[in-house]
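Written out as structure tokens, the structure reads:
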């Protein structure tokens, strides 16, 4: 709210993935309360609609709506993109925020490891499907919510070559934290290349680190991290002030 103070975003259309809670919700609320038309792209529509009502409770004229988007399903990503395009509205900001953290090994319906698909590949596909809309809406921007955790990862084999098997490992080779770190590294690499590709058309792309130990629901899959985040909570930023 402090960052946007005095800004009029009434002509802007924004999509935020995973906006029903945490950083995504705070971002959606701040943008909506400054006039932007905000679409909460979420897997759980019940929670997404509750988030919409919370924002409307603060300002009944806020332009917010929820749309179904399950990043663990490439079909769902495609359906969302088609549904958004059918609105025939511009897209000025796409914030790729949704993520899973410390999730156990599982395969999506597309036969890919879930952390990799939800945190990176689903967003990658979403941006590709909406690229033409972003270009027509320029100036526009894409924001990838990544993490400092990318520093503790690699996606190369011993010879230094890119090893795609590391991105969707078997259950035997899977470690939740490593999978998360790799997905965050992919976010940054993708953002950098996307900026190189789209900036000549007036579309910028940036990856952001939201802050260390921000207390949100992202750590709900692992009790050790829930305890750690709880202990660190008094010494870290509040959810309303994660990105400075």
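Residue numbers (our numbering): 771 to 1014.
Note that the Cβ used here is the ideal one computed from N, Cα and C, for glycine as well.
Quick one: what's residue i bridged to in DSSP?
i, result
"residue 911", "863, 974"
"residue 810", "786, 836"
"residue 883", "877"
Work out the CA separation of residue j and residue i for me, nearest whole Å.
i, j, result
"residue 847", "residue 782", "22 Å"
"residue 907", "residue 861", "6 Å"
"residue 943", "residue 855", "39 Å"
"residue 919", "residue 789", "21 Å"
"residue 802", "residue 974", "21 Å"
"residue 963", "residue 956", "11 Å"
"residue 837", "residue 863", "16 Å"
"residue 839", "residue 936", "26 Å"
"residue 898", "residue 852", "12 Å"
"residue 968", "residue 905", "8 Å"
"residue 777", "residue 804", "7 Å"
"residue 808", "residue 884", "27 Å"
"residue 787", "residue 900", "13 Å"
"residue 771", "residue 798", "11 Å"
Using a 10 Å radius around the Cβ and a threshold of 16 neighbouring Cβ atoms, would you call residue i buried or exposed?
i, result
"residue 970", "exposed"
"residue 792", "buried"
"residue 914", "buried"
"residue 827", "exposed"
"residue 1014", "Because the pLDDT at residue 1014 is just 43, under 50, the model does not fix this residue reliably, and the point stays unresolved."
"residue 796", "buried"
"residue 773", "exposed"
"residue 938", "buried"
"residue 867", "buried"
"residue 911", "buried"
"residue 940", "exposed"
"residue 886", "buried"
"residue 833", "buried"
Helix or strand or just coil, what does DSSP make of residue i?
i, result
"residue 798", "helix"
"residue 878", "coil"
"residue 828", "helix"
"residue 858", "coil"
"residue 949", "helix"
"residue 894", "helix"
"residue 842", "coil"
"residue 961", "helix"
"residue 823", "helix"
"residue 775", "coil"
"residue 791", "coil"
"residue 1014", "Here residue 1014 scores only 43 on pLDDT, less than 50, and its place in the model should not be relied on; the value that follows carries that caveat. Here residue 1014 sits in coil by DSSP."
"residue 979", "coil"
"residue 804", "coil"
"residue 888", "helix"
Examine the Cβ distances between the segment 880-894 and the segment 946-953 and report whether three or more of them are shorter than 8 Å.
In short, these stretches touch, since the Cβ pair count reaches three.
The segment 864-883 contacting the segment 818-828, beta-carbon criterion three pairs below 8 Å
no
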